[in-house]
Amino acid sequence: MDADLVAVLRCPVCAGALALTGRTARCAHGHAYDLAKQGYLNLLPTASTGIDGDSAAMVGARTVFLGGGHYAPIRDALILAATKLRDDDLVVEVGAGTGYYLAGVIGTAAGRRGIALDVSRYAARRAAKVDPRIGSVVCDAWRELPLLDGSARLMLNVFAPRNAAEMARVLAPGGTLLVVTPNQEHLAELVGVLGLVKVDEEKERRLYESLAGKFEQIGSEVVAETMRLDRTAIEQLVLMTPSARHVRHRELSARIAVLPEPAMVTLSVTLSRWRAA
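Count along the sequence shown from 1, then add 370; that gives the number in our numbering.
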């Protein structure tokens, strides 16, 4: 991780600015954090919420599925929504996973930088290798984000937790938050057959309530496509989601076997745009 990326981070203990010396990030109070050999920085507080991040298997499945381009319409919509970014702006993704969406938004702008935040060290390892302009950090999204006030011009939140107060603090004045949430139609052809976790019918209301007071909504759009998935892709899709924790692998394989191949599966999400109030 480059020194200029570490310079936008702050210490999870005292909130002081961090600076990189060799392979160690330090604050003025002497708190020190070594870069992992895979290139990410672990800034997870000792007293974290204890939320489990994605396992190595889940991250592996996500890498394979996203690499197949099945969720490219979501990434393309994020890229289009970020066209007003300047080349030197910082983009932060909360719950970045493998960094797939963040890397797309960073694009080819040479001076644009990104910070990928995720509670999973396995995800952080992947994100650290996506692009040298992206700094990968392990942190707890439900606690204080390890970023300086007003350091980000754009923040991404794709199928991830939302800490409104912290996201508003980190965004610069006039900055934008892009949130992607699944609709009821999303993966509808698979939910019942495979026993997947259903989309909350109150998700839109809960999203608004979670951001109200800190953000104002400035727009939204539905991104919908029909994906053509073979059984291997369907298995990877399930294994990369929280549903993987609730479905036994042998049972999942048996259920997938009854699906047509390829199966036509709906991708349907809402991309909403928010500005700090």
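All C-beta atoms in this analysis are idealised placements derived from N, C-alpha and C, irrespective of residue type, glycine included.
Run of the alpha helix (DSSP H) containing residue i, from where it starts to where it stops
| i | result |
| --- | --- |
| residue 602 | 601-609 |
| residue 624 | 619-627 |
| residue 558 | 558-564 |
| residue 446 | 442-451 |
Proximity of residue i and residue j at Cβ, strictly below 8 Å
| i | j | result |
| --- | --- | --- |
| residue 425 | residue 470 | no |
| residue 567 | residue 613 | yes |
| residue 431 | residue 554 | no |
| residue 632 | residue 516 | no |
| residue 464 | residue 527 | yes |
| residue 415 | residue 539 | no |
| residue 334 | residue 466 | The shown model of the chain, from 371 to 647, leaves out residue 334, and the question about it has no answer. |
| residue 602 | residue 634 | no |
| residue 444 | residue 639 | yes |
| residue 628 | residue 617 | no |
| residue 599 | residue 644 | no |
| residue 509 | residue 524 | no |
| residue 387 | residue 518 | yes |
| residue 482 | residue 446 | no |
| residue 433 | residue 496 | yes |
| residue 522 | residue 507 | no |
| residue 441 | residue 637 | yes |
| residue 511 | residue 531 | yes |
| residue 378 | residue 395 | no |
| residue 584 | residue 534 | yes |
| residue 405 | residue 371 | yes |
Counterpart residues of residue i in DSSP-defined beta bridges
| i | result |
| --- | --- |
| residue 550 | 528 and 641 |
| residue 500 | None; residue 500 has no bridge partner. |
| residue 508 | 412 and 488 |
| residue 517 | 379 |
| residue 582 | 585 |
| residue 460 | 483 |
| residue 633 | 599 |
Boundaries of the beta strand (DSSP E) in which residue i is found, first to last residue
| i | result |
| --- | --- |
| residue 374 | Run containing residue 374: none in the beta strand (DSSP E); it sits in the alpha helix (DSSP H), 373-376. |
| residue 390 | 389-391 |
| residue 396 | 394-396 |
Residue i, DSSP secondary structure in three states
| i | result |
| --- | --- |
| residue 405 | strand |
| residue 596 | strand |
| residue 613 | helix |
| residue 668 | With the chain covering only 371 through 647, there is no way to say anything about residue 668. |
| residue 432 | helix |
| residue 380 | strand |
| residue 353 | In the structure as shown, the chain begins at 371 and stops at 647. Residue 353 is therefore absent and cannot be evaluated. |
| residue 589 | strand |
| residue 523 | strand |
| residue 538 | helix |
| residue 568 | coil |
| residue 493 | helix |
| residue 385 | coil |
| residue 574 | helix |
| residue 437 | helix |
**Report entry** Contained alpha helix (DSSP H) runs [length at least 4] in the region 463-490, N- to C-terminal order
**Finding:** Runs found: 470-476.
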